[in-house]
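Notes follow the structure.
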Amino acid sequence: EGTAERVALHAPYVLLFDQRFIEVRHLENSRLVQIIQGAEIRCVWDGRAVNEGSAIMAQDGTEEDIVQEPRVHAVMNLPEPSGPAGRPSRCIMQHVFELFPT
């Protein structure tokens with residue numbers, strides 16, 4: 003269990019961000035679709051600045067016509083790499099990625 007620190011909408015899904023995981027749920031029925039685990043996860047862009055003139059769904063409402071462009075970007079910390087002689091490194095490595103429906 004966690005607390006959503008940020009919510010992003012990418013039809014037909016809603017993404018709930020916690021520092022330890024991303025919960026992906028179907029928008030219409032709230033059914034859990036996927037959990038993406040990680041460390042220090044943050045949503046860095048959720049598409050809110052995208053031109054709202056582009057339709058998310060076709061007029062007939064079919065899911066096949068949903069725009070599949072990546073509109074949610076996130077970052078998570080990677081496990082700490084070992085330095086020389088097995089000492090912990092001082093660097094923090096991060097993985098930046100896009101989330102999009104498949």
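Quick note on the numbering used here: the sequence shown kicks off at 3 and runs consecutively. Think of the CB as a built atom: it goes at the ideal place given N, C-alpha and C, for glycine as much as any other residue.
- The C-beta separation of Phe23 from Arg44 comes to about 12 Å, leaving the pair out of contact by the 8 Å criterion.
- Closest by C-alpha distance to Gln36, out of His97, Tyr15 and Ala6, is Tyr15.
- Rounded to whole angstroms, the Cβ separation of Val74 and Glu100 is 7 Å, and the two are in contact under 8 Å.
- DSSP lists Phe19 as the beta-bridge partner residues of Arg8.
- Counting along the chain, Asn79 sits inside the beta strand (DSSP E) bounded by residues Val74 to Asn79.
- The three-state reading of DSSP puts Ala13 in coil, since its state is none of H, G, I, E or B.
- Across the set Gly4, Ala10 and Met95, the C-alpha of Gly4 shows the shortest separation from the C-alpha of Gln39.
- DSSP lists Val77 as the beta-bridge partner residues of Val98.
- A distance below 6 Å between beta-carbons, with the five flanking residues on each side excluded, links Glu25 to the following residues of its chain, in chain order: Leu18 and Ile37.
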